[in-house]
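*Asks:*
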Amino acid sequence: MGDYTFDEIYAIVVMQSFSGVSLMCIYILMGLGLYIIFGQMGVINMAHAEFLVLGSYTMCLFSKFVTENMPAFENYYVIFAIPLSFGVAFGVGYLVEWFLISRLYHRPLDTLLATWGLSLIMQQCFRSFIGAREMSADLPEWLLGSWAASDIIDIPISGLVLLLLTVFLIVGLALFKTKTRMGLRMQATTQNREMTGALGINTKMTDRITFGIACGISGIAGAFFTTMASTSPSAGTNYIVDSFLVLVVGGLGSLVGLFVSGGFLALLSSILEFFMTGSIAKVWLYLVIFVVLMKFTRGLFSDKVRS
Amino acid sequence: MPSNTDYLLAIEDLTVSFDGFKAVDELTLYVDKGELRVIIGPNGAGKTTVLDLISGKTRASSGSIRYNNVELTSMREHEIVRAGIGRKFQTPSIYEKLSVYENLEISYPWGRTVFGSLKFTRTKQVIDRIQDVAQQIFLSDMLETQAELLSHGQKQWLEIGMLLVQNPELIMLDEPVAGMTAKEREATAALLEKIAKERSIIIIEHDMDFVAKIADQVTVLHLGKILKQGSMDEVRDDPVVQEVYLGH
Amino acid sequence: MINPINQAESSFGKVLYERLFKNKEGLIAFAILAFVILIIFPTVLSPFRLNLTGKYLCYAFAAVGLVMCWGNAGILCLGQGLFFGAGGYCMAMFLKLEASDPESTAIQSTPGIPDFMDWNQVTELPWFWNPFKSLPLTIALIITLPALLAYILSVFYFKGRVSGVVFAILTQSMVACLWYFIVGNQGYFGGINGITDLKTLKGWDIRTEDAHYLLYYLCCFLLLFCILLSRYILSTRLGRVLIAQRDKEMRVRFSGYNITSFRIFIFCFAAVVSSIGGAMFTLQVGFMSPNLIGIVPSIDMVIFTAVGGRESLLGAVYGALAVNAAKTAFSEAYAAQWLFFYGATFIVIVLYLPKGLAGIYHDHIKKWIGKSMSSSKNNDGETPALVTEEKNAE
Amino acid sequence: MMHKTNQLKRKLKTLFSVFFLLSSSSFVMGNEEFPTAEVCKTGLAVTDDTVTVGQLHSITGTMAISETGSVEAERLAIKQINDMGGVLGRKIEIIQEDGASDWPTFAEKSKKLIIQDKVACVFGCWTSASRKAVLPIFEKENNMLYYPTFYEGLEASKNVVYTGQEAVQQILWGLDWAYENLGARTFYLIGSDYIWPRTSNKIARNHIERFLKKKDSKCKVVGEEYYPLGHTNFRSLINKVKLKKPDLIYSIVVGGSNVAWYKQLKAAGITSNKYNLLTISTTEDELLGIGGENAEGFYACMKYFQSQKNPNNQAFVKAFKEMWGEDSVIGDVTQAAYLGPWIWKAAVEKAGSFDIDNVHAAHPNIELPDAPEGYVRVHETNQHLYSRAKIGKITKDGQFEVMAISDDLIEPDPFPKGYQ
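Chains as they are written, first to last, in my numbering: chain A, 1 to 307; chain B, 1001 to 1248; chain C, 2001 to 2394; chain D, 3001 to 3420.
1) Could you give the residue range of the alpha helix (DSSP H) that holds D:N3082?
2) Would you tell me roughly how many angstroms separate the C-alpha atoms of D:A3107 and D:E3141, rounded to the nearest one?
3) Would you list, in sequence order, the uninterrupted alpha helix (DSSP H) runs of no fewer than 4 residues that lie entirely inside the stretch 2230–2256 of chain C?
4) Under 8 Å between C-beta atoms, does D:W3103 make it to chain C?
5) Run the CB neighbour count on D:G3418, radius 10 Å, all protein chains shown included, and call it buried at 16 or more, exposed below.
6) Using three-state DSSP, classify A:M15 as helix, strand or coil.
7) Could you tell me how far apart the beta carbons of D:T3283 and D:D3332 are, in whole angstroms, since I believe they sit closer than 8 Å?
8) For the candidate residues C:M2301, C:I2349, C:S2331, C:R2310, whose alpha-carbon lies nearest to that of C:L2057?
9) For D:V3018 and D:C3301, I'd like the C-alpha separation in whole angstroms.
10) Is the CB of D:D3397 under 8 Å away from at least one CB in chain A?
11) Going by DSSP in three states, D:E3126 sits in which element: helix, strand or coil?
12) Quick one: is C:V2323 near chain D, going by C-beta distance under 8 Å?
13) Which parts of the stretch 2150–2194 of chain C are runs of the alpha helix (DSSP H), unbroken and 4 residues or longer, counting only runs that do not cross its ends?
14) Would D:W3126 and D:S3066 be called neighbours here (beta carbons separated by less than 8 Å)?
15) Going by DSSP, what residues sit across from B:R1076 in a beta bridge?
16) Just to confirm, are A:V246 and A:G263 a CB contact at a threshold of 8 Å?
17) With DSSP as the reference, identify every bridge partner of B:M1172, one or two as the case may be.
18) Among the residues of its own chain, which have a CB less than 8 Å from the CB of D:N3082, if the five just before and after it don't count?
19) Does any C-beta atom of chain C lie closer than 8 Å to the C-beta of D:I3115?
20) Assuming D:S3251 contacts D:L3229 under a Cβ cut-off of 8 Å, what Cβ separation, rounded to an integer in Å, is found between them?
21) Can you tell me whether D:N3239 is buried or exposed? The criterion is at least 16 other CB atoms within 10 Å of its CB, across all chains shown.
22) So the beta strand (DSSP E) D:K3242 belongs to, where does it begin and stop?
23) Give the secondary structure of B:I1094 by DSSP, where H, G and I count as helix, E and B as strand, and everything else as coil.
24) Out of curiosity, what's the CA-to-CA distance linking A:P185 and A:T196?
25) Indicate whether the contact test is met: 3 or more Cβ pairs, each with one atom in the stretch 49–58 of chain A and one in the stretch 265–273 of chain A, closer than 8 Å.
26) Only counting runs of 4 or more residues, tell me where the alpha helix (DSSP H) segments fall wholly within the stretch 3324–3355 of chain D, in order along the chain.
27) Relative to the C-alpha of B:K1119, which residue among C:I2233, C:G2359, C:Y2257 is closest?
28) Can you give the beta carbon distance from A:S136 to A:T67, rounded, assuming they're within the 8 Å contact cut?
29) Looking at the strands, I want to know which residues DSSP matches up with D:G3392.
30) Any C-beta of chain D sitting closer than 8 Å to the C-beta of C:V2044?
31) What does a CB cutoff of less than 6 Å around D:D3413 pick up in its chain, not counting 5 residues either side in sequence?
32) When you compare the CB of C:I2295 with every CB in chain D, is at least one pair closer than 8 Å?
33) If you draw a straight line from the alpha carbon of D:L3288 to that of A:F99, how long is it in whole angstroms?
34) At the level of alpha carbons, what is the spacing between D:E3032 and D:I3094?
35) Please report how far the alpha carbon of C:D2380 lies from the alpha carbon of C:F2021, in whole angstroms.
36) Let me know if B:Q1166 comes out buried or exposed under the rule of 16 or more other beta-carbons within 10 Å of its beta-carbon.
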């Protein structure tokens, strides 16, 4: 790095750190929905990535609708698109839990397969009903650019919004879990299903809502991902492996673990990608993860539970 | 390093904590050769955890468990079993898809490695041993029955039989008579007395009549600590024990 | 059911018969499968369709491997494509070297190395390609490499008691990792394009119709052999321990077994079986590509197994044939609807037919046969489906 | 459209012969001028009134996004040809197969088309990998593939007609243009990780380091990077680009990655008023997903842009939109796919036969004077097309503004000397 001035190196470190933080947020958002579902029901939702894509499509279609019918709102629709994406993904998730997942408790491996089937169906739905081509949301100009902090340093505005959104979702989720009746019911069901049922709480309804909320959060994440990446029927395949790994590295069912592993993976891939070319960086990323998991087979943070 | 003892099983200063909660707290317990020890105590006293610790299912936070003066706390489950300790679970844990014969055969202490089990054959010796055990556990007529068809009590016996096939020196039973009819309990008591002649037994049990029938020594656990130790009568008469447990 | 008391004295031949087939029903089921793939398919199908069937049978290897490690031992591997690919790539590397003799590659700047290396400025053969100059070494690697990979990838996780869902996800990441590895090392492994344009095996042209017939039979025999070997393993104590640890892990541990080594063994065994399938795939299809070791094909292999019945070895073969035949038939006519149908298959199998085709046979067909023949045979053997010939015959 | 008068004559003749057949109620079947026995001696699927061709693209899977345009263009060309009377008096019938974005499936389906359906030729494939997978089959079974995509070269099979550009055609002139007009001296090469971007960048690097350097010693490559297909996080790469401050970012990112790439460039402040970017992989198709505003002002080097103003192109765009909807866009590959059936038709008519060897022999020097992209001609030996390269500048509405057109037809040279 001898050719560069101190300012340049400083600027790169700042920007690269910010990229790392953005990536961490992405990992956390990817894993959040999975984490909730796993924590509640002990199953892995293989169609998770499709819920992300569902959110993306909601955003794209809503944007199209707004630009065509209500051009006046063009600059603000993003704010409404987020709850809308949540709503759509929540609805679909609610139905999926009702008709599919609820029949498969205690069979986690089978749930894996069934939800994979679901993901194929959802992908084909996107393709048949929305179209095979990629879509893009018309984003308002304020969300696209960057904030030039100095001559070299550019901080992406979408990255800042992403950071805010992540914090907002995490805080919201924490508050929801501890302060609302529904959240307490969720926790109770997670800890002792029979007992909670005996106390007159409708555990089935709780499960359905939990699953819906998890999908809804994925929907929000997906809606936001359109600002950074593509939306196409098979876009989910880009997310699937990474979001599972975030969860596994963190230790299943631990929110702190999710943070730590999001940060760990982001740090690792930012460093690796800076020093080597993309594909090989990805190979090394996975190899490092495997080795780490060989040592920490339960993930970096796992709830110590009495067996 | 604790000194060697003559005891078959010597548990000293054993502690295990889950997220700060001490399920077993500085426990010290000795079991003699040929002894039949019963552990009682209210729910949450740490009884099953003690068995988990001895059998290697749970790792101790501190303290030692020595069996024939061999330290067990760092060994893995199958090594502990091979050292001569057998364990029965609270709910009957048998292979429901296999026949009674196959259930017993799997426990036969030969060919327990991958390649050993590939080479394992049913020799006369194996068959004789299994028939012998089946006789003891009252299931000799049901060798070909699929295990899931057995009654609850028979499943309990089958699991005890699976231990016997292993021929361990120390047997640990977690509530062996739960869910049995009165008649079955009697038979079980007789069975255990017979078994106890050749080996040591640790039993966790709630049924006081049953305990009174079989126990040499009774240990009362409460909140991970030993509250009282002695014969059934001594224990029964102890006011503290009555307060925490029997009195309720 | 065999009478255990008498078994000790029975002759070697009888023991082997009972181990491989359990009873007459098992023998008949096996004979029917052999008859279908060895006699019926070659006579009924056109050479093109037969070659396709041969390709499907290669997937059946992976499905048989999954029956062993998922169905019987409870270890779901979503990365079976890794081993399938390992075998396929070994074979492809051997064939590619043979196809890249200096004369036919004279146009390259470095003649005598595979074309894709030349395109990527690789000027000499990398060291790890050297073993693939020899066929015996290649075959040895087809067997040992996947076993070694499976061992490395599983030993720490199984020791750390990673199982179930988490292990399934890890295997999926492993397959993704291998995919990136091959794609990122284009100069050494051909990248996305894979290793293509394979022509001869020891001078024998594998692209002719005769070669396809011969390779088809080779594939069938190897598959039947793998099934018998798997049957044998399941019939030993090892097989019972595997099933036992799947259902009651703790009980088996407390019977003094080190489950870890059993799991590693069966995982490696499944890997080797899949690898053989991969090698046969390369021979019959004529190329190998990273597309076969991705996440999706690996899950496809699981669905073949699930359709056939996860515990049934013969079911796995029928499952692989049925799903692939349906896929080909559907995509020739209704490509878009295929994915709906395929996705729905996953869900229906899981919800309503957890035992797959073998389950249909057991629960319905067998009763019907029993009724119509009114035989008083003692039928409690585990016998896979005999039902799908109509579905597979095209 | 092409050879209209010829076609008209032929059409009349066909009509006449049909009338003749009907009126005489004779059992002599078929096309008098081109009897089936004459035009097809190798058992292809040719009858007296029809000829069957295959179409093999991905309708499902990840590549469906890209290949849909090619499917549509080929269908349009075939429809137009049929409307004009078909080929040698025979209507073209299509058997379409789905490659499902999966190379073994491509191989399987191509075998099916050739061996079972005995099609006269196949229009299809998109990625290099799919072409490589089917190539041995086409060569062994001796059939003809019309391949539309710009690709890496290094191949000249007698069984493939390459209607897109090979790498040299697309790269050299574009780099020279950037050198002259954008003052590009330092170059950052970026690509998706597979053979086309890698080979193209190899050629670009050679051109920069050997030829441009002779003109100006400051010319150099400051970075070369590859990311897997489908990759969506380019933040680290973008920071590296910023550190190196190249005069030109030379981008060969393909597929879904494109969207992430351009959006993140914009978000990181790399826009056309600060940086120059030249791509050879982004067409109107991709811009649909990227959104013009995210890539506005960047350049692309292609041989066709939808916005080209010549009348042939305008007619083509109109016909395409009539058939496939007002919203459809046409990229470089889509147009190249459109040429396939026309070249085949011309070759068959020149040979007077559908047989592959005759068609192959007829290919050299076939001209399409009024193709949408302008005049093209098949090369004398290697079955690629001579064509003109063009530079387009991306506009806000996801189209290109044509900035420059090469003066000469560029010769296809799949095995370029000095670039390997």
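Quick reminder that beta carbons are idealized off the backbone N, C-alpha and C, glycines included.
*Replies:* Taking the definition as stated:
1) Per DSSP, D:N3082 belongs to the alpha helix (DSSP H) from 3064–3083.
2) If you take the alpha carbons of D:A3107 and D:E3141, they lie about 12 Å apart.
3) You should have 2237–2247, 2249–2253.
4) Taking 8 Å as the threshold, the shortest C-beta distance from D:W3103 to chain C falls below it.
5) D:G3418 comes out exposed.
6) Looking at A:M15 - three-state DSSP - the assignment turns out to be helix.
7) That pair is a contact at about 5 Å.
8) With distances taken between Cα atoms, C:L2057 lies closest to C:M2301.
9) Caution is warranted here: a pLDDT of 48 is assigned to D:V3018, below 50, making its placement in the model unreliable, and no coordinate value can be reported.
10) Contacts with chain A at 8 Å (Cβ-Cβ) do not include D:D3397.
11) In the sequence as displayed, the identity of residue 3126 of chain D is Trp instead of Glu. Coil.
12) So, not an interface residue.
13) 2164–2184, 2186–2189, all fully within the stretch 2150–2194 of chain C.
14) The criterion of a C-beta distance shorter than 8 Å is satisfied by D:W3126 and D:S3066.
15) Looking at the DSSP assignment, B:R1076 forms no beta bridge with any residue, so it has no partner.
16) With respect to A:G263, A:V246 sits apart: the two C-beta atoms are not nearer than 8 Å.
17) Paired residues: B:R1087, B:I1202.
18) Counting only residues of its own chain and dropping the five nearest sequence neighbours on each side, D:N3082 has a CB closer than 8 Å to the CB of K3091, I3092.
19) Chain C, which has a Cβ nearer than 8 Å to the Cβ of D:I3115, makes this yes.
20) That pair is no contact at about 14 Å.
21) Buried, by the Cβ-count rule.
22) No beta strand (DSSP E) holds D:K3242; the alpha helix (DSSP H) holding it covers 3235–3244.
23) Coil, per DSSP.
24) Note on residue identity: the sequence assigns Arg, not Pro, to residue 185 of chain A. Straight-line spacing of the CA atoms in A:R185 and A:T196 works out to 8 Å.
25) Contact fails: fewer than three Cβ-Cβ distances are below 8 Å.
26) With a minimum length of 4 residues, the continuous alpha helix (DSSP H) runs that stay inside the stretch 3324–3355 of chain D are 3332–3351.
27) The shortest C-alpha separation from B:K1119 is found at C:I2233.
28) Between the beta-carbon of A:S136 and that of A:T67 there is about 12 Å, and that puts the pair past the 8 Å contact cut.
29) Note: D:G3392 sits in a beta bridge opposite D:A3300, D:V3402.
30) Contacts with chain D at 8 Å (Cβ-Cβ) do not include C:V2044.
31) In its chain, beyond the 5 residues on either side, V3168 have a beta carbon closer than 6 Å to the beta carbon of D:D3413.
32) Chain D, which has no Cβ nearer than 8 Å to the Cβ of C:I2295, makes this no.
33) Rounded to whole angstroms, the gap between the alpha carbons of D:L3288 and A:F99 is 36 Å.
34) D:E3032 and D:I3094: Cα-Cα distance of roughly 24 Å.
35) For C:D2380, the predicted model reports a pLDDT of 40, less than 50, meaning its position is unreliable; a value from the coordinates is still stated below. Roughly 13 Å between the two C-alpha positions.
36) It counts as buried.
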